[in-house]
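Novice: Per my numbering, numbering through the first sequence is continuous, rising by one, with the last residue being 659. Just so you know, even glycine gets a beta-carbon here, dropped at the ideal spot from N, CA and C. Submitted below is the structure of interest, expressed as C-alpha cells.
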Amino acid sequence: MAPRVRFAPSPTGYFHVGSARTSLFNWLFARQSGGVFILRIEDTDVERNRDEWREGIITALAWLGLDYDEGPYRQSEMIGDHRAAADALFRAGYLYACDCTREAIDERTATRATPGYDGYCRDRGLARSATTALRFRVPDEGVTVVHDLIRGDVTFPHESYEDFVVVKSNGVVLYPLANAVDDRTMAITHVIRGEDLLPTTPKQVMLWEALNRCTDEPVALPLYAHLPMLVNEQRKKLSKRKDPVAVESYRDQGYLPEAFVNYLALLGWSPREGEEIISRAAMIEQFRLEDVAHSPAFFDVKKLTHMNGEYLRRLSAGEFVARATPWVAPWNSAWRPSDRSPLWREDQFDATLFARVAPLVQERVATLGEVPGLVDFFFLDEVVVDEVALAGVAGDALARDLLDAARERLATLEWTAAALHEAIAALGEARGLALRRAQAPIRLAVTGRLIGPPLFESLEIVGRERVLARLDRIQELVAR
RNA sequence: GGUCCCAUCGUCUAGUGGCCUAGGACAUCACCCUCUCAAGGUGGAGGCACGGGUUCGAAUCCCGUUGGGACUGCCA
C-alpha cells in the first residue's frame with residue numbers, strides 16, 4: 180500500500196518556519212515513496228483559530244511549492260467522528276467522567292511529589308453531564324513503546340502519565356483523540372512531525388489501541404518519525420513571540436521559495452552527494468526518513484541568506500527582472516510584499532531601464548528586498564546625498580576641483596561607459612588621484628552614496644542630462 | 001521534581017570500528033582580482049563534552065557523568 184502522510188497544522192498564527200520544515204519533510208517522503216500527501220487543518224480550538232491564519236497556511240504551502248494530493252480538510256468537519264469515538268471509549272470503560280476543577284486538583288496535589296491529576300474520579304462512577312470532562316484511564320503499570328523511524332523504539336512507563344482529559348466538559352474532543360481518530364479515518368501510515376510531540380505519542384497509541392478493541396475492524400498503528408526541533412541561538416525551541424519565524428516575512432524580504440526550501444531541507448537532513456545546493460528532483464530522489472538527524476538544528480538566517488544569493492545569481496537576467504518586479508514595480512505585480520513600497524512613483528519607474536541595470540545588481544544582492552535600495556538613483560528625480568560622505572568631499576579640495584572638471588568634461592564627452600571610464604580616470608590622474616579615489620565624488624553626486632553598482636555603466640544609463648544636473652547640485656551642496 | 005530526547009569546528013552537517021594527521025557549507029581572518037560595494041579565486045584558524053569499558057584498533061559499540069532541550073493544560 181502506498182504511504183499516506185499528512186501535515187496537520189493548527190491555524191493559530193503566522194505560518195512558522197518549523198511548520199514549513201515539517202510539511203517539507205512530509206512532502207518529500209510522500210513524493211519519494213510514491214505516497215499521498217494530505218493537508219489537514221486542525222482548527223478545533225475555536226478560541227485561538229482565525230480564518231486568516233488558515234488562509235496563510237494554504238498560501239505559504241503554495242509559495243513553497245508543496246502541493247497536496249488531498250485536502251485541505253478541516254478537523255472541525257470531523258467532529259462527529261470524534262464524538263462517536265469518545266462515546267465508544269466511554270461505553271467500553273476506557274474513559275471516565277470527572278468533575279474536578281483545576282483548583283481542586285491543585286489543592287489536593289499541592290503537597291505531592293508528582294504534579295498532575297491524582298485519579299480522584301477514577302472509581303466514582305460519575306455520569307456524563309455538562310460539567311464533567313472525560314479522562315482516559317491510563318494503566319497503572321506497564322509501558323508503551325513508540326516505534327520511531329528516526330529514533331528507534333522509545334519506551335514510556337505508564338506511571339509517568341496521569342489520567343489525561345480526552346473530552347472537555349463542553350463536549351469538545353481534545354487533540355490526542357481527535358488527531359488519532361482523523362489519522363485512522365484517513366488511513367495515515369506515517370506520522371511525521373516535530374519532536375515536541377514525542378511525549379504525547381504514547382497517549383495517542385493507547386487511545387488508538389483502545390479504539391481498536393472497540394471495533395471489529397482494527398486499524399494498524401502508523402509508523403512515527405519525530406523530527407528534531409528547530410531552535411534559536413539560545414538553543415530553545417523557536418518561539419512565535421521572540422524569534423523571526425513567519426514564513427510570510429521571509430517572502431516579503433525577498434527570499435526565493437526554492438532557496439528557502441533548499442535551506443530548510445538541510446536542517447536535519449543532508450544530501451547524499453556533497454553538494455548542498457540541490458534541485459527539488461534530486462531532493463526527492465535522495466530523501467530518506469532514516470537519514471534524518473537526531474539533534475536540534477539552529478535556524479541560521481545568515482546561511483539562508485547566502486544560499487538565497489546563490490540562487491539569485493543563478494537566475495537568468497530576464498528571470499531576475501521578473502522576480503524582482505514585486506519590489507521595484509509592485510503596481511505591475513499580482514502579489515506585492517507588505518510594507519515595502521519603493522521610494523519612487525509608478526510614473527518615475529522605467530521597466531526598460533530597470534532591465535538594463537538589473538544585471539549590475541543581480542550579483543550584489545542576497546535578497547530581492549535589497550534591490551530597490553541599490554537602484555533608487557536611476558528613478559528618483561533628486562537623490563538623497565549621504566551627509567557624512569558629503570562632508571568628506573566638501574573638505575577635500577582635490578575632490579571639489581575634480582567635480583568642477585568633471586562637470587565640464589562630461590558635458591561634451593561621448594556618452595558611453597568606456598569613454599566615461601577613460602575620461603574620469605584621466606581627470607584623476609591629472610590630480611594624482613587613483614581611479615578609486617577619483618570616482619568617489621562623482622559616485623556620490625550621482626547616486627548619493629559611496630557604494631553601489633559599477634559607476635560608469637550607471638552613468639551611461641542615467642544619461643548625460645541627469646548626471647550633469649546632479650553634478651550641478653552637489654556643487655551647490657558642497658559650497659554650503 | 002518526573003518522563004523522554006539529544007551531544008562532531010561559533011553554526012548546519014559528512015562520518016555507521018581501520019580509508020580520519022575528522023571532510024564540506026555558512027560565518028570569520030588573510031591574500032588575489034577590482035572604479036566603490038559585492039561576487040569570484042586561493043589559503044588559514046577552528047571540532048569528536050568528560051570518564052570508564054569492549055576491541056589488535058573507537059568520532060563510530062556499551063556504561064556512567066556533565067551539559068542542553070522537549071513534555072508534564074478541560075492548547076496543539
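Pick from P505, V471, G642: whose alpha carbon is nearest that of G331?
Specialist: Mapped onto the first sequence, residue 331 falls at position 152. Of P505, V471, G642, the smallest CA-CA separation from G331 is found for V471.
Novice: Does the Cβ-Cβ distance between L386 and P355 come in under 7 Å?
Specialist: Taking the first sequence and counting its residues from 1, the one referred to as residue 386 is at position 207. Taking the first sequence and counting its residues from 1, the one referred to as residue 355 is at position 176. Against a cut-off of 7 Å, the Cβ pair of P355 and L386 comes out as a contact.
Novice: Let me know the secondary structure DSSP gives V507 once reduced to three states.
Specialist: To locate residue 507, count along the first sequence from 1; it is residue 328. V507 falls in the helix class under three-state DSSP.
Novice: Determine the extent of the alpha helix (DSSP H) in which F478 is found, giving its start and end residues.
Specialist: Translated into the one-based positions of the first sequence, residue 478 becomes position 299. Run containing F478: none; DSSP gives neither H nor E here.
Novice: With DSSP as the reference, label I217 as helix, strand or coil.
Specialist: Residue mapping note: residue 217 aligns to position 38 of the first sequence, counting from 1. In this structure, I217 counts as strand in the three-state DSSP scheme.
Novice: So, helix, strand or coil for K347, using DSSP?
Specialist: Numbered from its first residue, the first sequence carries residue 347 at position 168. The answer is coil: DSSP assigns K347 none of H, G, I, E or B.
Novice: From the DSSP output, read off the bridge partner residues of V398.
Specialist: As a first step, residue 398 must be located in the first sequence, where it is residue number 219. Its beta-bridge partners do not exist; DSSP assigns none.
Novice: List, from N- to C-terminal side, the alpha helix (DSSP H) runs of 4 residues or more that fit wholly inside the stretch 269 to 348.
Specialist: 281 to 288
Novice: Give the DSSP bridge partners of K416, in chain order.
Specialist: Here the question's residue 416 lines up with position 237 in the first sequence. According to DSSP, K416 bridges with V410.
Novice: Please look up how many angstroms separate the CB atoms of F216 and D248, rounded, as I've assumed it's under 8 Å.
Specialist: Looking up residue 216 in the first sequence gives position 37. Looking up residue 248 in the first sequence gives position 69. That pair is a contact at about 5 Å.
Novice: Which residues mark the beginning and the end of the alpha helix (DSSP H) in which V572 is found?
Specialist: Position 393 of the first sequence, counted from the first residue, corresponds to residue 572. First-last of the alpha helix (DSSP H) with V572: 566 to 573.
Novice: Rounded to the nearest angstrom, what separates F528 and N511 at their Cα positions?
Specialist: As a working note, residue 528 is residue 349 in the first sequence. As a working note, residue 511 is residue 332 in the first sequence. Computed Cα separation, rounded: 11 Å.
Novice: Go ahead and label N349 buried or exposed: buried means 16 or more other beta carbons lie within 10 angstroms of its beta carbon, across all protein chains shown.
Specialist: Residue numbering aside, residue 349 sits at position 170 when the first sequence is read from its first letter. Result: exposed.
Novice: If I measure Cβ to Cβ from E542 and keep anything under 6 Å in the same chain, skipping five residues before and after, which residues do I get?
Specialist: Indexing the first sequence from 1 puts residue 542 at position 363. Contacts found: R492.
Novice: DSSP state of R183, grouped into three classes?
Specialist: One-based indexing of the first sequence puts residue 183 at position 4. Strand, per DSSP.
Novice: Under 8 Å by Cβ, that's how I've got E374 and H405 pegged, so tell me the actual separation to the nearest angstrom.
Specialist: Locating residue 374 in the first sequence gives position 195, counting from the first residue. Locating residue 405 in the first sequence gives position 226, counting from the first residue. With a Cβ gap of about 4 Å, E374 and H405 count as contacting.
Novice: What does DSSP give as the partner residues of A609 in its beta bridges?
Specialist: For the purposes of this step, residue 609 is taken as the residue at position 430 of the first sequence. BP columns for A609 are empty, so no partner.
Novice: Looking at the secondary structure, which residues open and close the alpha helix (DSSP H) in which I237 lies?
Specialist: For the purposes of this step, residue 237 is taken as the residue at position 58 of the first sequence. Boundaries of the alpha helix (DSSP H) around I237: 230 to 243.
Novice: Specify, as a first and last residue, the run of the beta strand (DSSP E) that I371 falls within.
Specialist: Position 192 of the first sequence holds residue 371. 369 to 373 is the span of the beta strand (DSSP E), which, as asked, contains I371.
Novice: Compute the Euclidean distance between the alpha carbons of L549 and T484, then round it to the nearest angstrom.
Specialist: On the first sequence, position 370 is the one that residue 549 refers to. On the first sequence, position 305 is the one that residue 484 refers to. Here residue 549 turns out to be Glu, not Leu, going by the sequence shown. Distance between the alpha carbons of E549 and T484 is about 12 Å.
Novice: Does the separation of the CB atoms of F335 and T323 fall below 7 Å?
Specialist: Counting from 1 along the first sequence, the entry for residue 335 is found at position 156. Counting from 1 along the first sequence, the entry for residue 323 is found at position 144. Going by C-beta atoms, F335 is nearer than 7 Å to T323.
Novice: Less than 8 Å between the CB atoms is what I'm expecting for L592 and L599, so what's the real figure, rounded?
Specialist: In the first sequence, counting from the first residue as 1, residue 592 sits at position 413. In the first sequence, counting from the first residue as 1, residue 599 sits at position 420. The Cβ separation is near 7 Å, so the contact holds.
Novice: Helix, strand or coil, according to DSSP, for V384 in the structure here?
Specialist: The residue you call residue 384 lines up with position 205 of the first sequence. Three-state DSSP puts V384 in a helix.
Novice: Taking buried to mean at least 16 other C-beta atoms within 10 Å of its own C-beta, is L445 buried or exposed?
Specialist: Mapped onto the first sequence, residue 445 falls at position 266. By the neighbour-count rule (16 or more Cβ atoms within 10 Å), L445 is buried.
Novice: Quick one: is G244 buried, meaning 16 or more other Cβ sit within 10 Å of its Cβ, or exposed?
Specialist: Within the first sequence, the letter at position 65 stands for residue 244. With fewer than 16 Cβ atoms within 10 Å of its Cβ, G244 is classed as exposed.
Novice: Among E437, D555, V360, Q618, which has the Cα closest to the Cα of A263?
Specialist: For this step, residue 263 is matched to residue 84 along the first sequence. Cα-wise, what sits closest to A263 is V360.
Novice: Below 8 Å, how does it come out for the stretch 626 to 645 and the stretch 521 to 541: are there three or more Cβ pairs, yes or no?
Specialist: yes
Novice: Along the chain, where does the alpha helix (DSSP H) containing G552 start, and where does it finish?
Specialist: Looking up residue 552 in the first sequence gives position 373. 550 to 558 is the extent of the alpha helix (DSSP H) around G552.
Novice: If L313 and Y275 are in contact, beta carbons under 8 Å, what's the gap, nearest whole angstrom?
Specialist: Working through the first sequence from its first residue, we reach residue 313 at position 134. Working through the first sequence from its first residue, we reach residue 275 at position 96. Right, their Cβ atoms sit about 7 Å apart.
Novice: For L417, which of R451, A476, Y403 has the nearest alpha-carbon?
Specialist: Mapped onto the first sequence, residue 417 falls at position 238. Considering only alpha carbons, the answer is A476.
Novice: F194 and E427 look like a contact to me (Cβ under 8 Å); what is the Cβ gap, rounded to whole Å?
Specialist: Taking the first residue of the first sequence as 1, we reach residue 194 at position 15. Taking the first residue of the first sequence as 1, we reach residue 427 at position 248. With a Cβ gap of about 6 Å, F194 and E427 count as contacting.
Novice: Which residue comes first and which comes last in the beta strand (DSSP E) that contains G197?
Specialist: Start at 1 with the first residue of the first sequence, and residue 197 comes out as number 18. First-last for G197: 196 to 212, but that is the alpha helix (DSSP H), not the beta strand (DSSP E).
Novice: If you draw a straight line from the alpha carbon of A658 to that of L494, how long is it in whole angstroms?
Specialist: Indexing the first sequence from 1 puts residue 658 at position 479. Indexing the first sequence from 1 puts residue 494 at position 315. The straight-line gap from Cα to Cα measures roughly 45 Å.
Novice: Given a threshold of 16 other Cβ atoms within 10 Å of its Cβ, counted over all protein chains shown, does D651 qualify as buried or as exposed?
Specialist: By one-based count along the first sequence, residue 651 stands at place 472. Looking at its Cβ environment, which holds fewer than 16 other Cβ atoms inside 10 Å, D651 is exposed.
Novice: Let me know if A503 comes out buried or exposed under the rule of 16 or more other beta-carbons within 10 Å of its beta-carbon.
Specialist: Taking the first sequence and counting its residues from 1, the one referred to as residue 503 is at position 324. The residue is buried, with at least 16 neighbouring Cβ atoms inside 10 Å.
Novice: According to DSSP, is R579 helix, strand or coil?
Specialist: For the purposes of this step, residue 579 is taken as the residue at position 400 of the first sequence. In this structure, R579 counts as helix in the three-state DSSP scheme.
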